[in-house]
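Counted from 1, the sequence shown has number 463 at position 416 by the numbering used here; the numbering is strictly sequential.
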Amino acid sequence: MIMAKLAIKGGQPIRTRLFPAYNTIGAEEKTAVMEVLESGNLSQFLGAWHKDFYGGPTVQKFESRWKEKFGTQYAVSVNSNTSGLFTAIGACGIQPGDEVIVSPYTMSASALAPVIYGAVPVFADVDYDNFGLNPESVERCITPRTRAILVVHIFGNPAKMDEIMAIARKHNLYVIEDCAQAPLAYYKNRLVGTIGHMGIFSLNYHKHIHTGEGGMIITNDDNLAERCLLIRNHGENIVEPKGVQNPFNTHGFNYRMTEMEAAVGCAQLDKLDGLLKERLQNAAYFAEALGKINGLKPPVVEEGNQHVYYLQAFKYNSEVFGVHRNTFINAIKAEIPSAILREDTPLIGAGYVKPIYLQPLYQKRATHCSFNCSKYEGAVSYEKGICPVTEQLHFEELFTHEYMRPGMTKQDMDDVIAAFNKVAENIHELK
Ligand SMILES: *Cc1c(COP(=O)(O)O)cnc(C)c1O
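What follows is the structure, encoded as structure tokens:
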């Protein structure tokens, strides 16, 4: 029992020295980038029907390495997961009047992707235990206008893919997996991203591995792969000379990755297994230690699944502690610092991101098409209360932390655990 005044009440914090930086960039990435720089060939893409429509040697090498790793027929690199999601929605032929079922508890881009193509995101509620789409709620959101389900493996924990795929088959829908937080996560011993029609990964600075900014789309579908390639790179110039039969939605963007990013990506992909192993060990250490605290519940991982812990989400029981979750989390933040390179942003948060439908874009219906389109015959709701489980988790029960990042030592993790124990044991000071 640590009898001590809590830092938030003016006591001594457990620790003020910053935790280590999360920095996975080393000699391998530097060498790889220097080779590209010395070649002078920083991007070989051409927006024309030519062999360079597919990009330069390093981009193509990165894509073949990625598809080998994930065992898919195609890997199409893009300049972010966001542009990858837009590409995937376009590739499915989504258009104004259509609906796409999305999760409200994810990074905003997952729900925005349908809006970009003039379609309507319909928010289904999340599962109380794994925080991904709840299949029963998805089923209730199906209408004659539904064209696709955009699943997010949130925090790195696989969503209930069997049930979601069964709904999709029954209603003839596309399934797009947003795997930004879930590289090498497994659902019933299958890699996520390979179960639906397309899987999209993020290579942004905050993710398991990164290229600064970047993304990757994987698929086994010839037609979808071709359409993704067209959308990535000025498809309107390509359809005629390439002899593409159906040009619908193939107007292209410039979502191309540079040779330098691809070089970093190859080196990072080599590190993914090792980084993940460390992350999993750290997460298990926290689950064990923090799970012993009455009122805290670590994430549920089902048999045959692998959670890859982009974040570790716990459920907090306010009845046990007698104070609101936010009060508890603020007390933790006062006991321990953030990390080098992240000085001003804590590695722990009450909830995750606000349920997306509560953002002004949806509340004010602030777009010219999508839900305001004359072709749209549905009546989507974005009212507070449409996803009660999400709201309960976000506003009351859930907290997420990143203290399991690779680079944390045992001592670093023990300081985090000491902070939790101190706050839990002295909770009366917060009442
Ligand atoms: C990070 C993230 C994105 C966006 O990825 P970018 O590569 O930054 O565009 C989308 N969805 C989820 C779930 C994410 O975590």
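Yeah, the Cβ is synthetic: ideal placement off N, Cα and C, and Gly gets one too. Computed from a predicted model, the values in this text were never measured in an experiment.
Give me the Cα-Cα distance between residue i and residue j, rounded to the nearest whole angstrom.
| i | j | result |
| --- | --- | --- |
| valine 162 | cysteine 416 | 8 Å |
| valine 311 | alanine 79 | 7 Å |
| glycine 73 | isoleucine 474 | 43 Å |
| glycine 144 | valine 167 | 7 Å |
| tyrosine 302 | phenylalanine 100 | 12 Å |
| alanine 158 | leucine 180 | 13 Å |
| histidine 255 | lysine 289 | 37 Å |
| isoleucine 201 | phenylalanine 178 | 7 Å |
| isoleucine 387 | isoleucine 285 | 46 Å |
| arginine 274 | serine 124 | 13 Å |
| leucine 231 | threonine 153 | 19 Å |
| methionine 455 | phenylalanine 66 | 7 Å |
By a C-beta neighbour count over all protein chains shown, 10 Å radius and 16 as the cutoff for buried, is residue i buried or exposed?
| i | result |
| --- | --- |
| methionine 81 | exposed |
| tyrosine 252 | exposed |
| glutamine 315 | buried |
| lysine 339 | exposed |
| asparagine 329 | buried |
| aspartate 391 | exposed |
| arginine 64 | exposed |
| serine 421 | exposed |
| alanine 68 | exposed |
| glycine 398 | buried |
| proline 479 | Outside the shown range of the chain (48 to 478) lies residue 479, about which nothing can therefore be said. |
| threonine 305 | buried |
| arginine 187 | exposed |
Between which two residues does the beta strand (DSSP E) harbouring residue i extend?
| i | result |
| --- | --- |
| proline 168 | 167–170 |
| arginine 194 | 193–199 |
| isoleucine 395 | 395–397 |
| glutamine 107 | That residue, glutamine 107, is in no beta strand (DSSP E); its alpha helix (DSSP H) goes 104–117. |
| isoleucine 376 | Not the beta strand (DSSP E): isoleucine 376 falls in the alpha helix (DSSP H), residues 372–382. |
| glutamine 328 | Careful: glutamine 328 lies outside any beta strand (DSSP E), inside the alpha helix (DSSP H) at 306–338. |
| tyrosine 121 | 121–125 |
Where do the N-terminal and C-terminal ends of the alpha helix (DSSP H) with residue i fall, by residue?
| i | result |
| --- | --- |
| alanine 213 | 208–218 |
| methionine 460 | 457–472 |
| leucine 445 | Taken as a continuous stretch (DSSP letters only), leucine 445 belongs to no alpha helix (DSSP H), being part of the beta strand (DSSP E) at 445–448. |
| isoleucine 136 | 128–138 |
| lysine 98 | Neither: lysine 98 is in no alpha helix (DSSP H) and is coded neither H nor E. |
Check whether the Cβ of residue i lies closer than 7 Å to any heavy atom of ligand 2, and answer yes or no.
| i | result |
| --- | --- |
| glutamate 260 | Here the bound small molecules are ligand 1; ligand 2 is not part of this structure. |
List the residues that DSSP assigns as beta-bridge partners of residue i.
| i | result |
| --- | --- |
| proline 146 | For the sequence presented, residue 146 should be read as glutamate rather than proline. Partner(s): Val167, Thr193. |
task: Could you say if the region 459–477 and the region 371–383 meet the contact criterion of at least three C-beta pairs nearer than 8 Å?
output: yes
- request: State whether the region 120–131 contacts the region 230–244, with contact taken as three or more CB pairs (one from each stretch) at a distance under 8 Å.
  value: no
The region 350–365 in contact with the region 434–447 per 3-pair CB rule at 8 Å: yes
message: Can you confirm whether the region 132–140 touches the region 223–237 when touching is taken to mean that 3 or more C-beta pairs between the two stretches lie within less than 8 Å?
response: yes
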